[in-house]
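Undergrad: Next up is a structure, given as structure tokens.
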Amino acid sequence: MAVRTQIAIVGNSGRHSSNPSDPFNLGRPGGSLMDPTAPNPFATPDFVTPAPSAPSQSSRSSGYFPKVSAPRRRFKSSRLVGEFEKPWLEESKRTINWDAVILYTFVLAGLGISAVICWLNVRNIPNPEYCLVLEDNFETFNKDVWSHEVQMNGFGTGSFDWTTSDPANSYVDARGLHIVPTLTLESTDITYKQLTNGYTVNLTKDGTCTSREQRVSNIAGISQPCSAKSNSTKGTIINPVRSARLTTAGKKTIKYGRVEVVAKMPRGDWMWPAIWMMPQDSVYGDWPRSGEIDIAELRGNDAEEYPLGNNIVTSALHWGTSYTDDAWNKSAGEWGGKRTKYSDDFHLYSLEWSEKYLFTWLDGRLRQIIFFDFKKNKNMWTFGEFWKSPVNGTFKDPWSQTGRSNTPFDQEFYLILNVAVGGTGGWFPDGMGQKPWTDKGDTPMRDFWQANSTWLPSWGPVEDRGMIVKSVKMWQEGAC
Numbered sequence: 003m004a005v006r007t008q009i010a011i012v013g014n015s016g017r018h019s020s021n022p023s024d025p026f027n028l029g030r031p032g033g034s035l036m037d038p039t040a041p042n043p044f045a046t047p048d049f050v051t052p053a054p055s056a057p058s059q060s061s062r063s064s065g066y067f068p069k070v071s072a073p074r075r076r077f078k079s080s081r082l083v084g085e086f087e088k089p090w091l092e093e094s095k096r097t098i099n100w101d102a103v104i105l106y107t108f109v110l111a112g113l114g115i116s117a118v119i120c121w122l123n124v125r126n127i128p129n130p131e132y133c134l135v136l137e138d139n140f141e142t143f144n145k146d147v148w149s150h151e152v153q154m155n156g157f158g159t160g161s162f163d164w165t166t167s168d169p170a171n172s173y174v175d176a177r178g179l180h181i182v183p184t185l186t187l188e189s190t191d192i193t194y195k196q197l198t199n200g201y202t203v204n205l206t207k208d209g210t211c212t213s214r215e216q217r218v219s220n221i222a223g224i225s226q227p228c229s230a231k232s233n234s235t236k237g238t239i240i241n242p243v244r245s246a247r248l249t250t251a252g253k254k255t256i257k258y259g260r261v262e263v264v265a266k267m268p269r270g271d272w273m274w275p276a277i278w279m280m281p282q283d284s285v286y287g288d289w290p291r292s293g294e295i296d297i298a299e300l301r302g303n304d305a306e307e308y309p310l311g312n313n314i315v316t317s318a319l320h321w322g323t324s325y326t327d328d329a330w331n332k333s334a335g336e337w338g339g340k341r342t343k344y345s346d347d348f349h350l351y352s353l354e355w356s357e358k359y360l361f362t363w364l365d366g367r368l369r370q371i372i373f374f375d376f377k378k379n380k381n382m383w384t385f386g387e388f389w390k391s392p393v394n395g396t397f398k399d400p401w402s403q404t405g406r407s408n409t410p411f412d413q414e415f416y417l418i419l420n421v422a423v424g425g426t427g428g429w430f431p432d433g434m435g436q437k438p439w440t441d442k443g444d445t446p447m448r449d450f451w452q453a454n455s456t457w458l459p460s461w462g463p464v465e466d467r468g469m470i471v472k473s474v475k476m477w478q479e480g481a482c
């Protein structure tokens, strides 16, 4: 049963004023707002809820807000009556969507053309026959394959390292072949004072020098690859760093073929790791007339602090008529990984070389570093435009007489693995990365050594330092 609520305004006397113009009895004696006995016009009215009872005429009209009765609206259905059209039941009358037809036709045609182009390129990729001539996983150090080169003049690059056969600088363990730079003061009896003044190292006298004198160093104060003398007045010092350089010269060589090296590069400022090749015989003359193949070269500087750091791999061919006329910049390339530092993990560095082309790549053929097509040029002399260089007025063309477009890269080459440190040949540009020496300075090696507090901490502990080579493979083009 519905319950209706009546609202009544109850004054002090319990009834309404009889004067409509004076509802609060202000006109009667004592009827003042200041009269405490007068009803408060702002007070909340009392609510009176009567007991449920049968509705009556008086109860329906009583209360402060009387109920308003409204006529009830009659429901009317909106459903359609009778026959009407139902087009969705009729047979489909769709027309051809020519826009979609044209779009899908071009998409399919593009996919087909792309597939044909890919197939033609794959078909044209040379797949020569190879014969494996070297596979070394470095379970031990194989002297039938590898030799140490021991020198002090930087092999023509002006690097600051003294290459040795010391086990501290190259050794084999479960991880592979390690090539590790160390401080000369740590691995020899030379003192700090002797390093900088009054001491001579003569590798010829002790019978350890292996120099073939293919390249002449431009380091101030060092004119011979087998000796060094410290002199504080002249600013010359004994090489402050010792490292290693291993080669397959005279043992394993190829003329055209393939090379694969799996290696983890070193981390450390001014380290210069390299995987490269040199000619077994200088058929066309001293460097660079007989050529050089750089499969992979890097810098050990952290890429987050040095623009040319350990996230960039460089490949190049060196060829020219003199030390100062090397055309490597016409045949060089690099691969950079924004999120990859090649000192963090092992990577595959590869070379494929034939009479027609030379190709280097990183971790697979899709990551091409350089591709040099020998057949696109008449010969290396004209491609290098050496005839334009004034210095070559005194040099004859050393290559064209062979009739081959790839000369001097048509001879037997051997493999080199090394980690150099510093240098004055431009590999570390002046003014970049707080380089502590200048290439044309009077005392670059001494300047480098005196700033050792800036670079030595980046090298880390000896056991984690250097390049680690897990495996090396070499194939000769042609059947075995």
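Note that this note's numbering has the sequence shown beginning at 3, numbered continuously upward.
Each residue gets a CB set at the ideal place from its N, CA and C atoms; glycine is no exception.
These numbers come from a predicted model, not from an experiment.
1. Of all the options Ala102, Trp121, Cys133 and Ile240, which has the alpha carbon lying nearest to the alpha carbon of Gln153?
2. Compute the distance between the beta-carbons of Val147 and Leu136, then report whether it is under 8 Å.
3. Starting from Trp457, follow its DSSP beta bridges and name the residues at the other end.
4. Quick check: the Cα distance between Asn454 and Leu319, rounded to an integer number of angstroms?
5. Nearest CA to the CA of Cys211: which residue from Asp375, Trp164 and Gly462?
6. Keeping to the same chain, check which residues put their C-beta closer than 6 Å to that of Gln282; ignore five residues upstream and five downstream.
7. Just to check my reading of the structure: Leu360 and Phe411 have Cβ atoms closer than 8 Å, yes? What is that Cβ distance to the nearest angstrom?
8. I'd like the span of the beta strand (DSSP E) that includes Met280, first residue to last.
9. Could you check the C-alpha separation between Asp449 and Leu205 for me, to the nearest Å?
10. Return the Cβ separation of Leu364 and Trp337 in integer angstroms, given the expectation that the two are a contact with Cβ distance under 8 Å.
11. Using only the alpha-carbon positions, how far apart do Asp208 and Met279 sit?
12. Rounding to the nearest angstrom, what Cα-Cα distance links Phe108 and Trp121 in this structure?
13. Starting from Tyr286 and walking both ways along the alpha helix (DSSP H), at which residues does that stretch end?
14. Can you tell me the Cα-Cα spacing of Met273 and Leu300, whole angstroms?
15. Provide the residue(s) that pair with Thr316 in DSSP beta bridges, ordered along the chain.
16. Spell out a yes or no on whether the region 430–442 and the region 226–243 are touching, meaning 3 or more CB-CB pairs, one atom from each, closer than 8 Å.
17. Give a yes or no on whether the C-beta atoms belonging to Phe348 and Pro242 are separated by under 8 Å.
18. When the distance is taken between beta carbons, is Ser317 closer than 8 Å to Ala298?
19. For Met267, does the count of other Cβ atoms within 10 angstroms reach 16, so buried, or fall short, so exposed?
20. In whole angstroms, what is the alpha-carbon distance linking Arg269 and Val471?
21. What are the start and end residues of the beta strand (DSSP E) that includes Lys343?
22. Which class does Ile192 belong to by DSSP, given the choice of helix, strand or coil?
23. Quick check: the region 284–299 against the region 458–476, are there 3 or more CB pairs under 8 Å?
24. Are Ser352 and Thr342 closer than 8 Å when you measure CB to CB?
25. In whole angstroms, what is the alpha-carbon distance linking Arg291 and Val464?
26. Could you tell me the alpha carbon to alpha carbon distance between Ser63 and Ser79, rounded to whole angstroms?
27. Please report the distance separating the alpha-carbon of Gly366 from that of Glu262.
28. Cα-Cα, which of Lys257, Trp289, Gly339 and Glu307 is closest to Asp327?
29. By a C-beta neighbour count over all protein chains shown, 10 Å radius and 16 as the cutoff for buried, is Thr2 buried or exposed?
30. Using three-state DSSP, classify Asp163 as helix, strand or coil.
31. Enumerate in chain order the residues of its own chain whose CB-to-CB distance from Ala251 is below 6 Å, with the five nearest sequence positions on each side excluded.
32. Is the beta carbon of Gln403 sitting closer than 8 Å to the one on Gly259?
33. Can you give the Cα-Cα distance for Arg75 and Leu82, rounded to whole angstroms?
34. Whole angstroms is fine: what's the gap from Val174's alpha carbon to Trp355's?
35. Pick helix, strand or coil for Asp146, following the three-state DSSP scheme.
36. If I follow the unbroken beta strand (DSSP E) through Trp355, where does it start and stop?
TA: Looking at the atomic coordinates:
1. Out of Ala102, Trp121, Cys133 and Ile240, Ile240 has the C-alpha closest to the C-alpha of Gln153.
2. Their beta carbons are under 8 Å apart, which means Val147 touches Leu136 by this criterion.
3. Residue pairing by DSSP places Trp457 opposite no residue, since no beta bridge is assigned to it.
4. Rounded to whole angstroms, the gap between the alpha carbons of Asn454 and Leu319 is 33 Å.
5. Among Asp375, Trp164 and Gly462, the Cα nearest to that of Cys211 is on Trp164.
6. Excluding positions up to five away in sequence, the list reads Thr255, Glu414 and Tyr416.
7. The pair is a contact, with the Cβ atoms about 6 Å apart (cut-off 8 Å).
8. Membership of Met280 in the beta strand (DSSP E) is indicated by the continuous run Met273 to Pro281.
9. Each residue's Cα considered, the two are about 24 Å apart.
10. Yes, they are in contact, since the Cβ atoms of Leu364 and Trp337 sit about 5 Å apart, within 8 Å.
11. Here the alpha carbons of Met279 and Asp208 stand approximately 28 Å from one another.
12. A straight-line Cα-Cα distance of about 20 Å links Phe108 and Trp121.
13. From DSSP, Tyr286 is part of no alpha helix (DSSP H); its letter is neither H nor E.
14. Using only the alpha carbons, I get a separation of about 8 Å.
15. Looking at the DSSP output, Thr316 shares a beta bridge with Glu299 and Glu336.
16. Between the region 430–442 and the region 226–243 there are fewer than three inter-stretch CB-CB distances shorter than 8 Å, so the stretches are not counted as touching.
17. In this structure, Pro242 does not lie closer than 8 Å to Phe348 by Cβ.
18. It is a contact, given that the beta carbons lie within the stated cut-off.
19. Answer is buried; the Cβ neighbour count reaches 16.
20. Put simply, the backbone Cα of Arg269 is about 14 Å away from that of Val471.
21. Looking at the DSSP string, Lys343 is not in any beta strand (DSSP E), and its letter there is neither H nor E.
22. It is coil, neither helix nor strand.
23. The count of Cβ pairs closer than 8 Å, one atom from the region 284–299 and one from the region 458–476, stays below three, leaving the stretches out of contact.
24. No.
25. Arg291 and Val464 have their C-alpha atoms roughly 38 Å apart.
26. Low confidence applies to Ser63: its pLDDT is 45, below 50, so where it sits in the model is not reliable enough to give any reading.
27. Straight through space, the alpha carbons of Glu262 and Gly366 are spaced by roughly 10 Å.
28. Looking at Lys257, Trp289, Gly339 and Glu307, the one whose alpha-carbon comes closest to that of Asp327 is Trp289.
29. What is shown of the chain runs 3 to 482, which leaves residue 2 out entirely.
30. Look at Asp163 here: in three-state DSSP terms it is strand.
31. Answer for Ala251: Tyr416, listed in chain order.
32. Taking 8 Å as the Cβ cut-off, Gln403 and Gly259 do not qualify as a contacting pair.
33. Computed Cα separation, rounded: 21 Å.
34. Note on geometry: alpha-carbon atoms of Val174 and Trp355 lie some 29 Å from one another.
35. Of the three classes helix, strand and coil, the one that applies to Asp146 here is coil, per DSSP.
36. Segment His349 to Trp355, the beta strand (DSSP E) holding Trp355.
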